[in-house]
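Protein chains: 2
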Amino acid sequence: MNYKIKSRIWIEADGDILLGEGRVALLKAIESTGSLSKAAKSLKMSYKKAWSLVDKMNKRSEFPITSATIGGKGGGGVQLTAYGKTLICTFETINENCWNFLDGQMKESKFQ
Amino acid sequence: MNYKIKSRIWIEADGDILLGEGRVALLKAIESTGSLSKAAKSLKMSYKKAWSLVDKMNKRSEFPITSATIGGKGGGGVQLTAYGKTLICTFETINENCWNFLDGQMKESKFQ
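Going down the list, the protein sequences come from chains A and B.
Sequential numbering of the first sequence, starting at 2, is according to my numbering.
Sequential numbering of the second sequence, starting at 2, is according to my numbering.
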């Protein structure tokens, strides 16, 4: 029998969810597509749902996570702020550190 | 804005969920009541659901987690094996260690 420990982390701001794995995936899709509608589509999420999630994140975070871009080919889009990028990076780093920490904990236990 | 990191852990056995917070709560209720039906009732869970969860846990774990008790006042009941008790204890210890680890990670980040 092969036991494996798993985890899910999320960050709350004043008790409300700010960031979790799903939201990070949405932000990364925004970063790579530069468009909320393309990002939503790539995750098979409705535009309305994606818009609502981004709106919640921006309202709950200390500084804006996304900013609108104006004009250019194909009209305006959306991009991540430096703050948003740092937040994602921190989330992913802590998430990976957490997995490694838990693997170590299981190895030390009787149930490795 | 007060950021707080949260986590949920679970243990899988060969890819199937063996133990998570809900199952630990059920096992602890079994331990304190000595009865599957009382344990289920205390968690507002159907007897069928509780039975199915315990059955899955016993089948997926390396050794049985619960054992039946026979006879005595009020008929037979169910109790945790030593293995089951150690598994719960390990789960809860790792869970608490994980919370502390994550709090430390957030403090080290820019988002404490």
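C-beta atoms are modelled at their ideal positions from N, C-alpha and C, and glycine is treated no differently.
Straight through space, the alpha carbons of T67/A and L54/A are spaced by roughly 11 Å.
L28/B and V79/A have their C-alpha atoms spaced approximately 48 Å apart.
Secondary structure of D17/A (DSSP, three-state): strand. Taking a Cβ-Cβ threshold of 7 Å, none of the residues of chain A is close to I89/B; the smallest such distance is about 11 Å. Partner residues in the beta bridge of L81/B, as assigned by DSSP, are T67/B. In terms of Cα proximity to T87/B, the closest of P65/B, G16/B, K39/B is P65/B. According to the DSSP assignment, G35/A belongs to no alpha helix (DSSP H), since it is labelled neither H nor E. For M2/B, the chain A residues whose Cβ falls inside 8 Å of its Cβ are A14, D15, R61, S62, E63, in order along the chain. Residues of the segment 96–111 of chain A with a C-beta less than 8 Å from any C-beta of chain B: N98, C99, F102, L103, Q106, M107, S110, K111, listed in chain order. A residue is called buried once 16 or more other Cβ atoms fall within 10 Å of its Cβ, and S36/A is buried on that count. Proximity of S47/A to chain B, defined by a Cβ-Cβ separation below 9 Å, is not satisfied.
By the neighbour-count criterion, in which a residue is buried when 16 or more other Cβ atoms sit within 10 angstroms of its Cβ, I31/A is buried. For K29/B, there are no neighbours in chain A by C-beta distance under 8 Å, as the nearest C-beta there is about 18 Å away.
By the Cβ-count criterion, G16/A is exposed, with fewer than 16 other Cβ atoms from all chains shown falling within 10 Å of its own Cβ. S43/A carries a helical assignment under DSSP once its states are collapsed to helix, strand and coil. DSSP places K50/B in the uninterrupted alpha helix (DSSP H) bounded by 48–61. Straight across, the Cα-Cα distance linking G21/B with N96/B is about 10 Å.
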